[in-house]
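Asker: Okay, handing you the structure first.
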Amino acid sequence: MLAELEEKSALPSFWDDSDNARTTMQELASLKDRVGVWRGLESRARELYELLELASL
254 MLAELEEKSA
264 LPSFWDDSDN
274 ARTTMQELAS
284 LKDRVGVWRG
294 LESRARELYE
304 LLELASL
């Protein structure tokens with residue numbers, strides 16, 4: 254979905270319909286925020302796993 258919206262926003266005709274473009278860009282920003290949160294959690298989980306491995310040595 255994220256990649257599809259990014260491709261759509263790169264089309265030359267994307268801004269012809271400003272209302273649709275605004276809605277799409279808001280949705281794209283929201284999805285990027287959600288993905289960022291999950292990537293942050295994934296990174297923290299990986300760090301915790303590494304710390305647990307070090308603690309068990």
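Numbering-wise (this note's numbering), the sequence shown opens with residue 254 and increments by one.
Built from N, CA and C at the ideal position, the CB exists for glycine as well.
(1) In terms of alpha-carbon separation, which member of R287, R275, D269, W268 lies closest to L255?
(2) Where do the ends of the alpha helix (DSSP H) carrying M254 lie?
(3) Please list the segments of the beta strand (DSSP E) lying wholly inside the segment 254-295, counting only runs of 3 or more residues, in order along the chain.
(4) L264 and L281 - do their beta-carbons sit closer together than 8 Å?
(5) If we ignore side chains and look at the alpha-carbon of each, how far apart do T277 and G289 end up?
Answerer: The answer reads as follows:
(1) Considering only alpha carbons, the answer is R287.
(2) No alpha helix (DSSP H) contains M254, which DSSP labels as neither H nor E.
(3) If we require 3 residues or more, the segment 254-295 turns out to have no beta strand (DSSP E) run fully inside it.
(4) Taking a C-beta distance under 8 Å as the contact criterion, L281 and L264 do not qualify as a contact pair.
(5) Cα to Cα, the separation comes out at about 18 Å.
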